[in-house]
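A short worksheet on the structure shown next.
In the numbering used here, the protein residues as written are 126 to 380.
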């Protein structure tokens with residue numbers, strides 16, 4: 126069976142622009158049902174209906190990969206584990222669904238300047254792997270085998286002022302991707318014939334899609350609701366269960 130556990134990011138003192146002198150960092154746990162993300166989609170539509178992004182333009186650049194991790198072993202995959210820059214399309218999609226306009230700079234700056242108020246960018250901060258449990262228990266040479274592993278991806282969504290590059294809001298999301306393999310192993314002599322082997326079935330979430338689309342959209346929704354308290358007043362309850370209790374309290378204090 127596949128299970129999901131969520132990690133948390135601690136509040137960090139960045140000396141930000143708000144009156145308390147720090148920028149709160151989101152503590153977000155994602156739902157066990159990976160796709161679709163109905164609550165996140167509902168939140169983006171709610172923000173659109175609130176009208177807080179009406180007439181606002183966001184500049185979205187490439188999504189930076191700072192993990193430094195290379196994949197050369199997965200079947201059919203070589204190169205980096207996470208998309209290089211293309212994840213900015215998830216940011217663009219989330220802003221559009223929330224009712225804002227987007228100037229994309231993924232393919233370079235626009236030939237004609239467009240007035241914009243905010244810049245919204247993302248970074249893949251870290252990607253860690255582990256194999257917390259392996260078991261091979263056999264009686265008389267026959268028995269079950271079990272292996273569980275995980276990958277932990279963290280990403281950051283930053284909302285900045287275009288003119289000054291002053292950071293306004295930040296949301297850090299941690300997303301676990303789980304791997305489970307279960308099977309039966311045999312190593313036994315049958316009437317003078319040695320039989321060895323292992324039959325296993327595995328279940329692994331897709332790191333390239335399932336760990337990116339929803340978390341990025343959640344981060345975008347989070348920074349919007351922090352920047353526009355009226356959006357939180359109307360839509361915050363939809364995703365409060367996805368955010369840690371401390372983060373929900375911090376967001377309410379900022380209103």
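Beta carbons are placed, not taken as given, at the ideal position from N, Cα and C, and that holds for glycine.
- Under the three-state reduction of DSSP, residue 340 is assigned to helix.
- Spatial neighbours of residue 363 in its own chain (CB-CB distance under 7 Å, excluding positions within 5 residues in sequence) are listed in chain order as 164, 167, 168, 171.
- Counting the other Cβ atoms within 10 Å of the Cβ of residue 298 gives 16 or more, which makes it buried.
- Straight-line measurement puts the Cα of residue 269 at about 49 Å from the Cα of residue 294.
- Unbroken beta strand (DSSP E) runs of no fewer than 3 residues, entirely contained in the segment 240-296, are found at 243-261, 267-286, following chain order.
- The criterion of a C-beta distance shorter than 9 Å is satisfied by residue 310 and residue 324.
- CA-to-CA, the gap between residue 281 and residue 319 works out to about 54 Å.
- Taking 9 Å as the cut-off, the beta carbon of residue 251 is found no closer than this to the beta carbon of residue 212.
- Bounds of any alpha helix (DSSP H) do not take in residue 230, whose DSSP letter is neither H nor E.
- Around the Cβ of residue 350, a 10 Å sphere holds 16 or more other Cβ atoms; the residue is buried.
- Between the beta-carbon of residue 219 and that of residue 345 there is about 4 Å, and that keeps the pair under the 8 Å contact cut.
- Judged by pairs of C-beta atoms under 8 Å, the segment 232-239 does not touch the segment 252-271, as fewer than three such pairs exist.
- Annotation: residue 198 is outside any beta strand (DSSP E) and is labelled neither H nor E by DSSP.
- Taking all protein chains in view, the Cβ of residue 216 is crowded by 16 or more other Cβ atoms within 10 Å, so the residue is classified as buried.
- By the neighbour-count criterion, in which a residue is buried when 16 or more other Cβ atoms sit within 10 angstroms of its Cβ, residue 300 is buried.
- Assigned with DSSP and collapsed to three states, residue 364 falls in helix.
- Counting other Cβ atoms within 10 Å of its Cβ, residue 241 reaches 16 or more and is therefore classed as buried.
- When rounded, the separation of the alpha-carbon atoms in residue 365 and residue 174 is 19 Å.
- Close CB contacts of residue 314 within its chain, under the 8 Å cut and outside five residues either way in sequence, are with 266, 320 (chain order).
- Ranked by how close their Cα comes to the Cα of residue 308, the residues 262, 353, 343 have 262 in first place.
- Residue 189 sits in a strand when the DSSP states are folded into three classes.
- The alpha-carbon of residue 337 is positioned some 12 Å away from that of residue 277.
- Residue pairing by DSSP places residue 298 opposite 280 in a beta bridge.
- Checking the DSSP bridge columns, you'll see residue 303 partnered with 275.
- Between the C-alpha atoms of residue 353 and residue 258 there is a straight-line separation of about 44 Å.
- For a cut-off of 8 Å, the C-beta gap from residue 296 to residue 348 is around 5 Å, short enough to register as a contact.
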